[in-house]
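Enquirer: Can you keep this structure in mind? I'll have questions shortly.
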Amino acid sequence: MEKKTGNIKRSTGLILIAVILGVLVLISGIKWFFLWQENTALKREISHLDQLIDVENTQKKNRKDEFLRQQEEYLIYADAEEELIKTKEKYFAMASELEKKIRNGETDVKIAYLTFDDGPYLLSESFLDVLEEYDIPATFFSLMKCSETGYVEQDESYDRIYRRIIENGHTLGNHTASHKLGEEGIYQSLEVFMNDLLRNRRFIYDRYGYTTTVMRFPGGTGTAYRIPEVKQEVFKAGYAYVDWNAMTGDGKYSLPPEEYAANVLNSTQGKDILVVLMHDYSRNTLIALPDIIEGLQKQGYIFLPLFHDSIMCISD
Ligand SMILES: [Zn+2]
C-alpha cells in the first residue's frame, strides 16, 4: 500500500516536472517566435534603409554631376559674356574716336543713328528684317511691353523682338515703362518719373540680362525739363540721354512714305552726325526705311547703334 502511494507520488512528480518543462519549452518557443519575427522585421527595415541610402546616394551623385555640368556651362557663358562686353567696349571706343575725327574735320565719313521709339510692336519684326537685310545697326527706345503693363497675350512675341534687338547688336534704350504723359503721368514728380524709368530698366535686365545705359525722355527733353532735377537723377542712375536732330514726323503726322523719307533726307544739311527719330509702329515709316537708308548712304553716312559716351548723348 505504502509502495503504491510512493509510486503515485513519484508519477505525479514526474508529470509535474514534464508539465513545467513543457510550459518552459512553450514559453521559450513563443519568445523565440516573437524574436524571430522582430528580427525579420528588423532585417527588412535595414534592407529598406539600405535601399533608401542607395537612392539618396544616387540622387546626390546626380545632383553633383548636374551642378558640375551647370557650373561648366555657366563658365562658358560667363566667358562669352565677358568677351562680348569687351568687344562692345572696343567697338564703342572706336565709334567715339570716329565721332571726334568727324567733329575735328579729319574725315569725310558721317554717322547716322537711326532710332525707333515706343516699341516693341509686332511690326518691329519687319523693321528688324529691313535692318538685317541692309546689315546695319540701330537703336530701339523701348517701353515695358509685358503682362504687367497690360500686354498679356503678346508677351511671347515681344520677348522674341526684345531678344532679336539685343542679339542683332542694336542698342536697346530705355524710354520709360509706361510713357504716360499728362496730369497723372510720369512728369508729375521726380519720384514718379524715376520709378517708371527704373522699372523698365529692371524689367529689361531681369528678363533679358541686358543693362540699358542710354535713355530718351518721352516727348524729349523739352517736356522733361518741367522737372528741373530730372537730368541729374538720370545721370546718377547711370544713363546718358539723347534727343534727335532729324525725323520722319511719323509721331505727329500721318504722311505717305515718300514724304517721311524726304523729311529725313532733306534735313541733313550741315549735320555730320545725325540722330533720326522714328517710330516702329508706323507702316509708312517701314515702307520709307529702305529709301531713308539708301538715301543717307548716298550722302556719305554710315550707321551705328547709340552708346552711352556718344557725342550725341548727354551724360553730365
Ligand atoms: Zn515716345
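Under my numbering, the very last position in the sequence shown is 324; numbers go up by exactly one each time.
Beta carbons: idealized from backbone N, C-alpha and C, even for Gly.
All of these numbers come straight from a predicted model, not from anything done at the bench.
Is residue 149 near ligand 1, going by C-beta to nearest heavy atom under 8 Å?
Expert: To locate residue 149, count along the sequence shown from 1; it is residue 141. Because some heavy atom of ligand 1 lies under 8 Å away, the Cβ of residue 149 counts as near it: yes.
Enquirer: Kindly provide the ranges of any beta strand (DSSP E) runs that are 3 or more residues long and lie completely inside the stretch 142-209, ordered along the chain.
Expert: Listed in chain order, the complete beta strand (DSSP E) runs (minimum 3 residues) inside the stretch 142-209 are 147-150 and 179-182.
Enquirer: Residues with a Cβ closer than 6 Å to any heavy atom of ligand 1, in chain order?
Expert: 125, 126, 183, 187 and 226
Enquirer: Can you give me the C-alpha to C-alpha distance between residue 250 and residue 223, rounded to a whole angstrom?
Expert: As a working note, residue 250 is residue 242 in the sequence shown. As a working note, residue 223 is residue 215 in the sequence shown. Taking the straight line from one Cα to the other gives about 7 Å.
Enquirer: Just tell me which of 64, 92, 254 and 245 has its CA closest to the CA of residue 206.
Expert: Taking the sequence shown and counting its residues from 1, one reaches residue 206 at position 198. Answer by Cα proximity: 245.
Enquirer: Ligand 3 and residue 152: does any heavy atom of the ligand fall closer than 8 Å to the residue's C-beta?
Expert: Among the ligands in the structure shown, ligand 3 does not appear; only ligand 1 can be found there.
Enquirer: Using only the alpha-carbon positions, how far apart do residue 148 and residue 172 sit?
Expert: Numbered from its first residue, the sequence shown carries residue 148 at position 140. Numbered from its first residue, the sequence shown carries residue 172 at position 164. One C-alpha to the other measures close to 11 Å.
Enquirer: How is residue 56 classed by DSSP in three states: helix, strand or coil?
Expert: Here residue 56 refers to the residue found at position 48 of the sequence shown. Assigned with DSSP and collapsed to three states, residue 56 falls in helix.
Enquirer: According to DSSP, what are the bridge partners of residue 269?
Expert: Here residue 269 corresponds to residue number 261 of the sequence shown, with the count starting at 1. BP columns for residue 269 are empty, so no partner.
Enquirer: Pick helix, strand or coil for residue 231, following the three-state DSSP scheme.
Expert: In the sequence shown, counting from the first residue as 1, residue 231 sits at position 223. Correct three-state label for residue 231: helix.
Enquirer: If the criterion is Cβ atoms closer than 9 Å, does the pair residue 313 and residue 177 meet it?
Expert: Position 305 of the sequence shown, counted from the start, is the residue given in the question as residue 313. Position 169 of the sequence shown, counted from the start, is the residue given in the question as residue 177. Yes, the Cβ-Cβ distance between residue 313 and residue 177 is below 9 Å.
Enquirer: Measuring only the C-alpha atoms, how far is residue 65 from residue 42?
Expert: By 1-based counting over the sequence shown, the position of residue 65 is 57. By 1-based counting over the sequence shown, the position of residue 42 is 34. One C-alpha to the other measures close to 34 Å.
Enquirer: Name the residue from 232, 247 and 293 whose alpha carbon lies nearest to the alpha carbon of residue 261.
Expert: Within the sequence shown, the letter at position 253 stands for residue 261. Of 232, 247 and 293, the residue nearest in Cα terms is 293.
Enquirer: Pick out whichever of 143, 170 and 57 has its Cα sitting closest to the Cα of residue 212.
Expert: Within the sequence shown, numbered from 1, the residue matching residue 212 stands at position 204. Ranking 143, 170 and 57 by Cα distance to residue 212 puts 170 first.
Enquirer: Is it true that the CB of residue 227 sits closer than 9 Å to the CB of residue 282?
Expert: For the purposes of this step, residue 282 is taken as residue 274 along the sequence shown, with counting starting at 1. For the purposes of this step, residue 227 is taken as residue 219 along the sequence shown, with counting starting at 1. Their beta carbons are not under 9 Å apart, which means residue 282 does not touch residue 227 by this criterion.
Enquirer: Do you know how far the Cα of residue 305 is from the Cα of residue 277?
Expert: In the sequence shown, the residue the question calls residue 277 occupies position 269. In the sequence shown, the residue the question calls residue 305 occupies position 297. Cα to Cα, residue 277 sits roughly 14 Å from residue 305.
Enquirer: Name the two residues that bound the continuous beta strand (DSSP E) containing residue 310.
Expert: What you label residue 310 is simply residue 302 of the sequence shown in a count that begins at 1. 309-311 is the span of the beta strand (DSSP E), which, as asked, contains residue 310.
Enquirer: With respect to the alpha helix (DSSP H) encompassing residue 124, which residues constitute its N-terminal and C-terminal limits?
Expert: Numbered from 1 along the sequence shown, position 116 holds the residue referred to as residue 124. First-last for residue 124: 118-125, but that is the beta strand (DSSP E), not the alpha helix (DSSP H).
Enquirer: To which residues of the same chain is residue 197 closer than 8 Å at the C-beta, ignoring the five residues directly before and after it?
Expert: Position 189 of the sequence shown, counted from the start, is the residue given in the question as residue 197. Result list for residue 197: 235, in chain order.
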